[in-house]
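**Student:** 849 is the number of the first residue of the sequence shown in the working numbering; add one for each residue after it.
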Amino acid sequence: MFFKRIGQSKAPHRAVFLALSVVVPSLFLSACMSSEKDVDLSTYVEQTEPADVLYNQGLANLNAGRLQEASRKFSAVDRQHPYSEYARKSMVMGAFADYRQGNYTEAIGSAKRYLTLYPSTDDAAYAQYIIGLSYYRQIRDVTQDQKEARQTVQTMQELVTRWPDSEYVDDAKEKIRFANDQLAGKEMQIGRYYLERREYIAAVKRFRLVVETYSNTRHVEEALARLTETYYAMGLTSEAQTAAAVLGTNYPDSVWYKDSYKLLQTGGLEPRENAGSWIAKAGKLITGA
């Protein structure tokens, strides 16, 4: 009886074991299949390529006009081979690729990072130039804020000062002249606004800023004429005469000078320079546009 009960008791255990042997593997396979379906390891492990291969691929894409792909290649060099020579080169080339795509914020950020890490390298001037160009391309109409124009002047002037022998200096100076002209134009717009509303002191402040600060722009001619008009309206005839005299000395054939001369004649006056006036002193610095 004892052995018989033992024999009988084995059957249920064997059945359970067989059942589990079927269920467990199926669950394991199901889990594996689910894992393979849900997790693609290739998305987590980036294939590493030699730095020179990635960099040259970036250059090839850049030359072919595939700018987004070039950016990805240069970014991969910086990410996979940080602080290598190719990573250094890729950083500045990546900034250029971003600039070409109109991604100015990204270009400025990359170029500034480059200058922070490698301020004394041969490409530092180029990185500075990219920053300046990125600001320059964002300069807006004079009716809008001229923040980018100010940033262009600051960045390009730093390039001229720090790298005076750089191949980018001549173009940087051109960009500075344009940005300064925009800034002067903005001041003239505000000055005319105040003049129309007979807020003469505020108007003089703007026109004076153009004459003293932006004397090499095309706006200085009108600024002197507006000063003549504003001072005359204020009853400050000596200043009005001086402004007209300085205008005539620097721009004798100007329509603005002819208009200023006629305005003074309506009051029986003519251009006459007062050597002690700030206008006369500023006039010696005028170079014209």
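For each residue, glycine too, the CB sits at the ideal point set by N, CA and C. Fair warning: this is a prediction, and the values are worked out from it, not measured in the lab.
With a threshold of 9 angstroms between beta-carbons, can T1114 be considered close to chain C, or not?
**Tutor:** Here there is only one protein chain, and chain C is not present.
**Student:** For the alpha helix (DSSP H) that contains R927, what are its first and last residues?
**Tutor:** As a working mapping, residue 927 is identified with position 79 in the sequence shown. It spans L915 to Q928 - the alpha helix (DSSP H) in which R927 sits, taken as one unbroken run.
**Student:** With a floor of 4 residues, list each alpha helix (DSSP H) that falls wholly inside the stretch 966 to 1037, ordered by position along the chain.
**Tutor:** If we require 4 residues or more, the alpha helix (DSSP H) runs fully inside the stretch 966 to 1037 come out as 972 to 984 and 995 to 1010.
**Student:** Following the continuous alpha helix (DSSP H) through N904, name the residue where it begins and the one where it ends.
**Tutor:** Reading the sequence shown from its first residue, position 56 is the one you call residue 904. Taken as a continuous stretch (DSSP letters only), the alpha helix (DSSP H) holding N904 covers A899 to N911.
**Student:** Does the beta-carbon of E996 have 16 or more other beta-carbons within 10 angstroms, so that it is buried, or is it exposed?
**Tutor:** As a position in the sequence shown, residue 996 is number 148, starting the count at 1. Buried.
**Student:** Between the Cα of Y1099 and those of S932, E1070 and N951, spot the shortest distance and give me the residue it belongs to.
**Tutor:** Position 251 of the sequence shown, counted from the first residue, corresponds to residue 1099. Nearest of S932, E1070 and N951 to Y1099, Cα basis: E1070.
**Student:** Please name the residue, chosen from E917, P967 and Q999, that lies closest to S982 on a Cα-to-Cα basis.
**Tutor:** Position 134 of the sequence shown, counting from 1, holds the residue named residue 982. Answer by Cα proximity: Q999.
**Student:** Along the alpha helix (DSSP H) that carries G1096, what are the first and last residues, could you check?
**Tutor:** Residue mapping note: residue 1096 aligns to position 248 of the sequence shown, counting from 1. Note, G1096: alpha helix (DSSP H), T1085 to N1098.
**Student:** Please classify E1087 as buried or exposed, where buried requires at least 16 other C-beta atoms within 10 Å of its C-beta.
**Tutor:** For this step, residue 1087 is matched to residue 239 along the sequence shown. With 16 or more other Cβ atoms within 10 Å, it is buried.
**Student:** Kindly indicate the opening and closing residues of the alpha helix (DSSP H) around R1056.
**Tutor:** Taking the sequence shown and counting its residues from 1, the one referred to as residue 1056 is at position 208. Note, R1056: alpha helix (DSSP H), Y1048 to T1061.
**Student:** Report all residues from its chain with a CB closer than 6 angstroms to the CB of W1126; omit the five preceding and five following residues, and keep chain order.
**Tutor:** What you label residue 1126 is simply residue 278 of the sequence shown in a count that begins at 1. None.
**Student:** State the DSSP-derived secondary structure class of L1133, mapped to helix, strand or coil.
**Tutor:** In the sequence shown, the residue the question calls residue 1133 occupies position 285. In the structure shown, L1133 sits in coil (DSSP, three-state: anything other than H, G, I, E or B).
**Student:** Could you tell me which of A1128, A899, F922 and V901 sits nearest to L910, measuring between CA atoms?
**Tutor:** To locate residue 910, count along the sequence shown from 1; it is residue 62. Selected option, being the one with the closest Cα: F922.
**Student:** Where Q1030 and D993 are concerned, what is the direct C-alpha to C-alpha distance, given to the nearest angstrom?
**Tutor:** Position 182 of the sequence shown holds residue 1030. Position 145 of the sequence shown holds residue 993. Distance between the alpha carbons of Q1030 and D993 is about 10 angstroms.
**Student:** Return helix, strand or coil for S1125, following the three-state DSSP convention.
**Tutor:** Counted from its first residue, the sequence shown places residue 1125 at position 277. Coil at S1125, not helix or strand.
**Student:** Could you pull out every residue in the same chain whose Cβ sits closer than 8 angstroms to the Cβ of T896, ignoring the five residues on either side in sequence?
**Tutor:** In the sequence shown, counting from the first residue as 1, residue 896 sits at position 48. Q928.
**Student:** With T1076 as the anchor, note down where its alpha helix (DSSP H) starts and where it stops.
**Tutor:** Counted from its first residue, the sequence shown places residue 1076 at position 228. Element bounds for T1076: V1068 to M1082.
**Student:** For D926, count neighbouring Cβ atoms within 10 angstroms of its own Cβ and tell me buried if that reaches 16, exposed if not.
**Tutor:** Locating residue 926 in the sequence shown gives position 78, where the first residue counts as 1. Classification of D926: buried, given that the 10 Å Cβ count is 16 or more.
**Student:** From L1117 to Y1079, what does the alpha carbon distance come to, in whole angstroms?
**Tutor:** For this step, residue 1117 is matched to residue 269 along the sequence shown. For this step, residue 1079 is matched to residue 231 along the sequence shown. So the alpha carbons of these two residues sit roughly 13 angstroms apart.
**Student:** Report the rounded CA-to-CA distance for A1092 versus K1023, giving the unit in angstroms.
**Tutor:** In the sequence shown, residue 1092 corresponds to position 244, counting from 1. In the sequence shown, residue 1023 corresponds to position 175, counting from 1. Using only the alpha carbons, I get a separation of about 30 angstroms.
**Student:** Grouping DSSP H, G and I as helix and E and B as strand, with all else coil, what is V893?
**Tutor:** By 1-based counting over the sequence shown, the position of residue 893 is 45. Low per-residue confidence applies at V893: pLDDT is 40, beneath 50, and the placement is therefore not dependable, though the value from the model is reported in the following sentence. Coil, per DSSP.
**Student:** Could you spell out the range, first to last residue, of the alpha helix (DSSP H) harbouring E933?
**Tutor:** Numbered from its first residue, the sequence shown carries residue 933 at position 85. From DSSP, the alpha helix (DSSP H) with E933 extends over E933 to R948.
**Student:** Drop a sphere of 10 angstroms on the beta-carbon of P898, count the other beta-carbons inside from all chains shown, and report buried for 16 or more, exposed for fewer.
**Tutor:** As a position in the sequence shown, residue 898 is number 50, starting the count at 1. It is exposed - the Cβ of P898 has fewer than 16 other Cβ atoms within 10 Å.
**Student:** For R800 and P930, what's the separation of their Cα atoms in angstroms?
**Tutor:** The requested residue 800 does not occur in the structure, where the chain is confined to residues 849 to 1137.
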